[in-house]
Amino acid sequence: MSVFHQIGHHSINLVKEELLHGYQGIVLSPLNNSEEEITHHNSNSFKKFKKIFDPQLYFPKTERSGLKNWCYFPNDFDTADLTNYVWWNSLCDNLFATAKRTTCDAICSPVIIPKIFSGDYYRHTIEVGNYLYNKSTEDELDFYQTVVLNMDIMAEHNQAEIISSIITQTNSNKVYLIIKSDIEPRRELQDVNQIVGIMKFIRYLSDAGISVLVGFCSSEFLLWKYAGATAFASGKFFNLRRFTSSRFDEPSGGGGQLPYWFERNLFAYLREGDVLRLKKEGLLNECYRNNPYSVEILKKLDDQKGEPWISLSWKNYLFSFYSLDKDFEDKKDFPKFLAKAEKNWLEAEDNSIFMEEVRNNGDWIRKWRISINEYNKAFD
130 MSVFHQIGHH SINLVKEELL HGYQGIVLSP LNNSEEEITH HNSNSFKKFK KIFDPQLYFP
190 KTERSGLKNW CYFPNDFDTA DLTNYVWWNS LCDNLFATAK RTTCDAICSP VIIPKIFSGD
250 YYRHTIEVGN YLYNKSTEDE LDFYQTVVLN MDIMAEHNQA EIISSIITQT NSNKVYLIIK
310 SDIEPRRELQ DVNQIVGIMK FIRYLSDAGI SVLVGFCSSE FLLWKYAGAT AFASGKFFNL
370 RRFTSSRFDE PSGGGGQLPY WFERNLFAYL REGDVLRLKK EGLLNECYRN NPYSVEILKK
430 LDDQKGEPWI SLSWKNYLFS FYSLDKDFED KKDFPKFLAK AEKNWLEAED NSIFMEEVRN
490 NGDWIRKWRI SINEYNKAFD
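Here it is as structure tokens:
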């Protein structure tokens with residue numbers, strides 16, 4: 130198993146963080162960095178990592194994107210016939226050349242976010258991807274077939290089976306999976322049927338010999354790992370931990386630049402007051418001592434100087450993310466881990482410790498436990 134840095138706005142500095150040595154790779158983005166910048170970093174601070182280039186054509190019209198400054202971005206994107214394979218092949222040729230110039234190790238196929246996630250849409254993405262795959266493998270550039278799942282439809286009957294049967298027609302044995310959801314990034318996923326649908330999809334790809342790298346993950350990556358995904362990418366900002374249609378908008382629900390505590394035992398997204406109350410009652414799990422950033426945060430809070438810890442909170446999360454991946458090599462341990470995590474949340478409530486954010490009450494863990502059971506039943 131492996132974890133990747135999902136690169137976004139001002140994220141490169143964290144790649145150099147010595148204590149975050151558990152990350153094996155980087156998913157590069159053209160949205161916030163120029164070709165010259167990425168080429169420079171790939172040859173220097175990124176040299177030891179596997180470097181995967183995501184062309185990020187999902188929402189190309191966003192005004193916050195630097196995408197249009199890249200050579201591979203078509204000038205006629207807004208007016209082109211996006212069903213025309215000749216047009217896509219030309220884009221893939223330019224994209225391949227860009228990946229080679231920037232000395233990337235791997236490339237993801239270009240896809241857009243459609244109005245309707247139909248079978249025809251997925252078949253088209255496979256055709257485009259197979260063209261780029263053939264070009265990439267001729268030059269020993271690793272290739273990932275990009276797949277975007279709309280979480281809203283994954284609860285529908287047989288969606289996992291239908292979509293996976295199309296995706297397995299890829300020539301590649303690697304998929305870069307993006308799960309589109311409109312759930313606020315700091316809220317955990319809770320729809321059991323949707324979760325099970327995605328888990329089944331991952332399982333079908335895994336059974337077909339396709340390894341799955343899931344991008345834009347938060348703690349729910351544990352569910353995808355249980356289903357057979359082999360690699361996961363996450364980042365310091367919330368819009369790098371979940372892929373939403375509003376990911377370039379300013380967060381309306383707050384939390385954009387607020388520090389949150391993320392503990393390995395899934396006491397997650399706690400505000401400063403929450404952390405202090407749990408610590409006072411002796412309910413912070415001792416596992417926090419294994420996270421050097423958690424220790425540093427608590428020292429700051431104990432000093433009562435009111436010093437900001439937003440930067441430490443990003444590192445606290447990223448350290449916990451790869452620690453969780455490392456600790457769960459045997460998926461049989463995961464149901465027991467969830468049971469213990471739920472017990473911790475219930476213990477906090479029994480001690481009248483309520484989190485500052487009303488919806489942050491741990492009830493999602495029960496939904497995850499149900500999802501695991503339903504998934505297991507589907508494959509019994």
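Counting from 130, one number per residue, gives the positions in the sequence shown under my numbering. Even for Gly, the Cβ is constructed at its ideal location relative to N, Cα and C.
Q.
If I measure Cβ to Cβ from S500 and keep anything under 6 Å in the same chain, skipping five residues before and after, which residues do I get?
A. V321, I324, V325
Q) So, do the region 237–246 and the region 273–285 have three or more beta carbon pairs nearer to each other than 8 Å? A) yes
Q: Could you work out which residue in D271, N480, F448, I482 is closest to L148 when comparing CA atoms only?
A: F448
Q: Evaluate contact between the region 453–460 and the region 488–506, counting only Cβ atoms and requiring at least three cross-stretch pairs below 8 Å.
A: no
**Q.** Residue interval of the alpha helix (DSSP H) (run including Y250)
**A.** 248–267
Q: Tell me, please, whether the region 413–431 touches the region 351–362 by the rule of three or more beta-carbon pairs shorter than 8 Å.
A: no
Q.
Can you confirm whether the region 249–268 touches the region 295–304 when touching is taken to mean that 3 or more C-beta pairs between the two stretches lie within less than 8 Å?
A. yes
Q | Nearest candidate by alpha-carbon position, reference I307, set D183, E436, S172, N142 | A | D183
Q. So which of K496, T212, H253, F133 has the shortest CA-CA distance to K177?
A. F133
Q) Can you name the start and end residues of the beta strand (DSSP E) that K309 belongs to? A) 303–309
**Q.** Residue from T231, R400, V343, A468 whose Cα sits closest to the Cα of I482
**A.** R400
Q) Span of the alpha helix (DSSP H) holding F100? A) No answer is possible for residue 100: it lies beyond the span of the chain, which begins at 130 and ends at 509.
Q. Do you know whose CA, among H286, N445, L395, lies nearest L143's CA?
A. N445
Q.
Three Cβ pairs or more, each shorter than 8 Å: is that satisfied between the region 434–445 and the region 388–399?
A. yes
Q: Reducing DSSP to helix, strand and coil, say where L157 ends up.
A: strand
**Q.** Reduced DSSP category for I426 - H, G, I as helix; E, B as strand; rest coil
**A.** helix
**Q.** Inter-residue spacing [alpha-carbon to alpha-carbon] between F350 and S131
**A.** 12 Å
Q) How big is the Cα-Cα spacing for L453 and K244? A) 35 Å
**Q.** S158 beta carbon less than 9 Å from that of I136
**A.** yes
**Q.** Backbone CA spacing between I236 and K145 [nearest angstrom]
**A.** 22 Å
Q.
Can you tell me whether Q185 is buried or exposed? The criterion is at least 16 other CB atoms within 10 Å of its CB, across all chains shown.
A. buried
Q: Check the DSSP bridge columns for H134 and list the partner residues they point to.
A: I155, S363
Q.
Comparing C-alpha positions only, which one of T168, Q433, L369, N213 sits nearest to C233?
A. T168
Q: Label D403 either buried or exposed according to how many other C-beta atoms from any shown protein chain fall within 10 Å of its C-beta, with 16 as the threshold for buried.
A: buried
Q) R488 by DSSP, collapsed to three states: which one? A) coil
Q. With DSSP run on the structure shown, which of helix, strand or coil describes V240?
A. coil
Q. Which residues mark the beginning and the end of the beta strand (DSSP E) in which Q288 is found?
A. Careful: Q288 lies outside any beta strand (DSSP E), inside the alpha helix (DSSP H) at 288–296.
Q) In its own chain, which residues sit with a C-beta less than 6 Å from the C-beta of E317, not counting the 5 before and 5 after it? A) W493
**Q.** DSSP three-state assignment for D462, whether helix, strand or coil
**A.** helix
Q | Segment limits, alpha helix (DSSP H) that includes T231 | A | Run containing T231: none; DSSP gives neither H nor E here.
Q.
Whether or not the region 245–255 and the region 290–299 are in contact is what I'm after, with contact meaning three or more pairs of Cβ atoms, one per stretch, closer than 8 Å; do they touch?
A. yes
Q. For the putative contact between N223 and Y201, defined by C-beta atoms under 8 Å, what is the C-beta separation to the nearest angstrom?
A. 4 Å
**Q.** Cβ-based neighbour list, W353, same chain, cut-off 6 Å, excluding 5 preceding and 5 following
**A.** I331, V343
Q: State yes or no: is the C-beta of R371 within less than 9 Å of the C-beta of P314?
A: yes
Q) If we ignore side chains and look at the alpha-carbon of each, how far apart do A422 and K429 end up? A) In the sequence as presented, Ala is not what sits at residue 422; that position holds Tyr. Cα-Cα distance, rounded: 11 Å.
**Q.** T373 versus Y262, D271, C346, residue with shortest Cα-Cα distance
**A.** C346
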